[in-house]
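Visitor: Here it is: the structure, laid out below.
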Amino acid sequence: MKQSLHPWFEQAWSELNLTNMPHAILLHGQTGIGKMDFALHLAKALICETSQATKPCCQCEACHWFDTGNHPDFLGIVPESQAHLLPHEEMAGDDGLDEKPKKGRKKVEDDSEKADKKASSVIKVEQIREALDGITTSPHRGIQRVVLINPVETLNPVSANTLLKTLEEPPESTLFILVSDRLDRIMPTIRSRCRLLALGRPSADLSLPWLATELASAGIKTSQAEIEKVLNEAGGAVMDARDRLLGLSGAGESAQDIAEPLLKALGEGSQINWLQTAEVIHKAPMSELLVTLERWTADLMSQQNAGQIRYYPSRRSSLEQCSKSARSHKLSDYWKILLNARRHELHALANRVQIEALLIRYQEIFKD
Numbered sequence: 120m121k122q123s124l125h126p127w128f129e130q131a132w133s134e135l136n137l138t139n140m141p142h143a144i145l146l147h148g149q150t151g152i153g154k155m156d157f158a159l160h161l162a163k164a165l166i167c168e169t170s171q172a173t174k175p176c177c178q179c180e181a182c183h184w185f186d187t188g189n190h191p192d193f194l195g196i197v198p199e200s201q202a203h204l205l206p207h208e209e210m211a212g213d214d215g216l217d218e219k220p221k222k223g224r225k226k227v228e229d230d231s232e233k234a235d236k237k238a239s240s241v242i243k244v245e246q247i248r249e250a251l252d253g254i255t256t257s258p259h260r261g262i263q264r265v266v267l268i269n270p271v272e273t274l275n276p277v278s279a280n281t282l283l284k285t286l287e288e289p290p291e292s293t294l295f296i297l298v299s300d301r302l303d304r305i306m307p308t309i310r311s312r313c314r315l316l317a318l319g320r321p322s323a324d325l326s327l328p329w330l331a332t333e334l335a336s337a338g339i340k341t342s343q344a345e346i347e348k349v350l351n352e353a354g355g356a357v358m359d360a361r362d363r364l365l366g367l368s369g370a371g372e373s374a375q376d377i378a379e380p381l382l383k384a385l386g387e388g389s390q391i392n393w394l395q396t397a398e399v400i401h402k403a404p405m406s407e408l409l410v411t412l413e414r415w416t417a418d419l420m421s422q423q424n425a426g427q428i429r430y431y432p433s434r435r436s437s438l439e440q441c442s443k444s445a446r447s448h449k450l451s452d453y454w455k456i457l458l459n460a461r462r463h464e465l466h467a468l469a470n471r472v473q474i475e476a477l478l479i480r481y482q483e484i485f486k487d
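Okay, so the sequence shown: first residue is 120 according to this note's numbering, each after it adds one.
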């Protein structure tokens, strides 16, 4: 199975030396730009056993095993909600290989009682402990083992400290690939023990043609203007834009379902019906609500200061009207409130209470 690197990562990839890697590398950047794809490409290249200079070759046994999720020296640790992002049997199809190392698989046939349970969005303590306990032995194929953890910021303090101890005394022939959307949430001691690699958001010149190609491959006809609109509203997060355009935002409330009623309400400025709005959107993930609030507020400040709109140019009329009546100092204070809310968005607090409080504070921006 050939997995090509996204074009916006080619420069970062060219700067890596696969023969001289640190024991831990921390990939960080904006959410929704494909960092997990880059991490998997790197993991596969490190495990690839070809003698060719270009890796991964996608032809050797190690590459085939990686694609099927059966390579004994690759360990991916992600929240339950992201398990589908890891290599698995379905990705490889029929590759004709009869001999593959079989790792222990979790039984799902008798998991009916867990079927209705919502998948966790954080990495659990048990996952880290089980994984790190299993890397004390030598790699099965005698080369190296790769451990991928994404996103690192979802580790709780106990798990983070367990990982830190391992990074301080890393097992021989084991390389860690850590991925993060929020570098500021990671323990400084963990960051200091990794080589940091920033993965930048792709430019529109790269994103727009790529999105057009993805849509064409899926047989979906969409105007260039619509693609640009969705990309802007996604803050340049090309993978998020693709999922929205392809209708792959996931089960439950999609990003589009969340943003539309919230943005419409925010456009009403001082007349916002915060109670009714909270009733409509409070079941959505808090992180997505906060991102939308942040982008709208950023556009308001940008419109006030420079007459420019980045995220929601299609809502220019509402933004211009709101920016005229918003009090600059209150808008700046509200921005700080949103930043603080982002730091605590993973806490087990009631969404309804939080979003109501934020919408009330938003309404106050327009009052003397």
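Glycine included, every Cβ here is placed at the ideal spot set by N, Cα and C.
In the stretch 395-427, which residue ranges form an unbroken alpha helix (DSSP H) of at least 4 residues, counting only runs that do not cross its ends?
Guide: Within the stretch 395-427, the complete alpha helix (DSSP H) runs of at least 4 residues are 405-425.
Visitor: How big is the Cα-Cα spacing for Trp454 and Thr416?
Guide: Against the sequence shown, residue 454 aligns to sequence position 335. Against the sequence shown, residue 416 aligns to sequence position 297. So the two alpha carbons sit approximately 7 Å from each other.
Visitor: Any chance you could list the beta strand (DSSP E) runs of at least 3 consecutive residues sitting entirely within the stretch 259-308, in chain order?
Guide: If we require 3 residues or more, the beta strand (DSSP E) runs fully inside the stretch 259-308 come out as 264-268 and 293-299.
Visitor: Please classify Gly366 as buried or exposed, where buried requires at least 16 other C-beta atoms within 10 Å of its C-beta.
Guide: Reading the sequence shown from its first residue, position 247 is the one you call residue 366. Classification for Gly366: exposed.
Visitor: Please list, in chain order, all residues of the same chain as Lys266 whose beta carbon is under 6 Å from its beta carbon, the five residues on each side excluded.
Guide: For this step, residue 266 is matched to residue 147 along the sequence shown. It should be pointed out that residue 266 corresponds to Val in this sequence rather than to Lys. Closer than 6 Å at the Cβ level, and outside the excluded window around Val266, lie Leu194 and Phe295.
Visitor: Output the boundary residues of the alpha helix (DSSP H) element that contains Arg312.
Guide: Position 193 of the sequence shown holds residue 312. Premise fails: Arg312 is in no alpha helix (DSSP H) and is neither H nor E.
Visitor: So which of Val410, Ser451 and Pro276 has the shortest CA-CA distance to Ile484?
Guide: Translated into positions along the sequence shown, residue 484 becomes position 365. Per the Cα distances, Ser451.
Visitor: List the whole-angstrom C-beta distance separating Leu124 from Met140, where the pair is believed to meet the contact cut-off of C-beta under 8 Å.
Guide: The sequence position of residue 124 within the sequence shown is 5, counting from 1. The sequence position of residue 140 within the sequence shown is 21, counting from 1. Going by Cβ atoms, the distance from Leu124 to Met140 rounds to 17 Å, so no, they are not a contact pair.
Visitor: So, Leu419 versus Cys441, is the Cβ gap smaller than 8 Å?
Guide: Reading the sequence shown from its first residue, position 300 is the one you call residue 419. Reading the sequence shown from its first residue, position 322 is the one you call residue 441. In contact: Leu419 and Cys441 (Cβ atoms closer than 8 Å).
Visitor: So what does Ile196 bridge to, in DSSP terms?
Guide: As a first step, residue 196 is located in the sequence shown; it is residue number 77 there, counting from the start. Ile196 is bridged to Ile268.
Visitor: So Ala202 is in the alpha helix (DSSP H); what residue range does that whole segment cover?
Guide: On the sequence shown, residue 202 is found 83 positions in, with the first residue counted as 1. Run containing Ala202: none; DSSP gives neither H nor E here.
Visitor: Using only the alpha-carbon positions, how far apart do Pro220 and His190 sit?
Guide: By one-based count along the sequence shown, residue 220 stands at place 101. By one-based count along the sequence shown, residue 190 stands at place 71. Caution is warranted here: a pLDDT of 45 is assigned to Pro220, below 50, making its placement in the model unreliable, and no coordinate value can be reported.
Visitor: Bridge partners for Ala143 per DSSP, in chain order?
Guide: Within the sequence shown, residue 143 is the residue found at index 24, counting from 1. Ala143 is bridged to Phe295.
Visitor: Thinking C-alpha only, which one of Ala131, Thr255, Ser170 and Gln178 is nearest Leu161?
Guide: What you label residue 161 is simply residue 42 of the sequence shown in a count that begins at 1. Taking only the C-alpha atoms, the option nearest Leu161 is Ala131.
Visitor: Return the chain-ordered list of same chain residues with a C-beta closer than 8 Å to the C-beta of Ser421, the five sequence neighbours on each side being excluded.
Guide: The residue labelled residue 421 in the question sits at position 302 within the sequence shown. So the list reads Gln427, Ile428 and Arg429, once near-sequence residues are dropped.
Visitor: Please return the same chain residues whose Cβ sits closer than 7 Å to the Cβ of Asp156, not counting the five positions on each side in sequence.
Guide: Sequence index remark: in the sequence shown, residue 156 carries index 37 (1-based). The residues are His125.
Visitor: Tell me, which residues are paired with Leu316 by DSSP?
Guide: In the sequence shown, residue 316 corresponds to position 197, counting from 1. According to DSSP, which records beta bridges pairwise, Leu316 is partnered with Leu146.
Visitor: Does the distance from the CB of Gln423 to the CB of Ser389 come in under 8 Å?
Guide: Taking the first residue of the sequence shown as position 1, residue 423 is located at position 304. Taking the first residue of the sequence shown as position 1, residue 389 is located at position 270. Contact: no.
Visitor: Taking the alpha-carbon of Val410 as reference, which of Gln395, Trp329, Phe185 and Ile474 has the nearest alpha-carbon?
Guide: Start at 1 with the first residue of the sequence shown, and residue 410 comes out as number 291. The shortest Cα separation from Val410 among Gln395, Trp329, Phe185 and Ile474 belongs to Ile474.
Visitor: Spatial neighbours of Pro380 within its chain, please: C-beta separation below 7 Å, excluding the five flanking residues on both sides.
Guide: As a working note, residue 380 is residue 261 in the sequence shown. The residues are Thr396, Val399 and Ile400.
Visitor: Reducing DSSP to helix, strand and coil, say where Leu137 ends up.
Guide: Locating residue 137 in the sequence shown gives position 18, counting from the first residue. In the structure shown, Leu137 sits in coil (DSSP, three-state: anything other than H, G, I, E or B).
Visitor: Tell me whether the stretch 293-311 and the stretch 173-188 touch, counting them as touching only if at least three CB pairs, one residue from each stretch, are closer than 8 Å.
Guide: These segments do not touch.
Visitor: Taking C-beta to C-beta, are Pro321 and Val271 nearer than 8 Å?
Guide: One-based indexing of the sequence shown puts residue 321 at position 202. One-based indexing of the sequence shown puts residue 271 at position 152. Contact flag unset, no.
Visitor: Report yes or no: do three or more beta-carbon pairs, one from the stretch 139-154 and one from the stretch 305-316, lie closer than 8 Å?
Guide: Touching, per the Cβ criterion.
Visitor: With a 10 Å radius around its C-beta and 16 neighbouring C-beta atoms as the bar for buried, classify Ala378 as buried or exposed.
Guide: For the purposes of this step, residue 378 is taken as the residue at position 259 of the sequence shown. Ala378 comes out buried.
Visitor: Do the CB positions of Ala172 and Glu199 come within less than 8 Å of each other?
Guide: By 1-based counting over the sequence shown, the position of residue 172 is 53. By 1-based counting over the sequence shown, the position of residue 199 is 80. For Ala172 and Glu199, no; Cβs fall outside 8 Å.
Visitor: Taking just the CA atoms, how far does Asn269 sit from Ile309?
Guide: On the sequence shown, residue 309 is found 190 positions in, with the first residue counted as 1. On the sequence shown, residue 269 is found 150 positions in, with the first residue counted as 1. When rounded, the distance between both Cα atoms is 14 Å.
Visitor: Since Ile247 and Thr281 should fall inside the 8 Å C-beta cutoff, what is the C-beta to C-beta distance between them, to a whole number of angstroms?
Guide: For the purposes of this step, residue 247 is identified with residue 128 of the sequence shown, where counting begins at 1. For the purposes of this step, residue 281 is identified with residue 162 of the sequence shown, where counting begins at 1. At roughly 5 Å, the Cβ-Cβ gap stays under 8 Å, so Ile247 and Thr281 are in contact.
Visitor: To the nearest angstrom, report how far apart Asn392 and Leu385 are at their CA atoms.
Guide: Locating residue 392 in the sequence shown gives position 273, where the first residue counts as 1. Locating residue 385 in the sequence shown gives position 266, where the first residue counts as 1. Using only the alpha carbons, I get a separation of about 9 Å.
Visitor: Once DSSP output is grouped into helix, strand and coil, what is the label at Ile391?
Guide: The count along the sequence shown starts at 1 and reaches residue 391 at position 272. Residue state, collapsed to three classes: coil.
Visitor: Since Ile346 and Leu325 should fall inside the 8 Å C-beta cutoff, what is the C-beta to C-beta distance between them, to a whole number of angstroms?
Guide: Within the sequence shown, numbered from 1, the residue matching residue 346 stands at position 227. Within the sequence shown, numbered from 1, the residue matching residue 325 stands at position 206. In fact, because the Cβ distance is near 13 Å, the residues do not count as touching under 8 Å.
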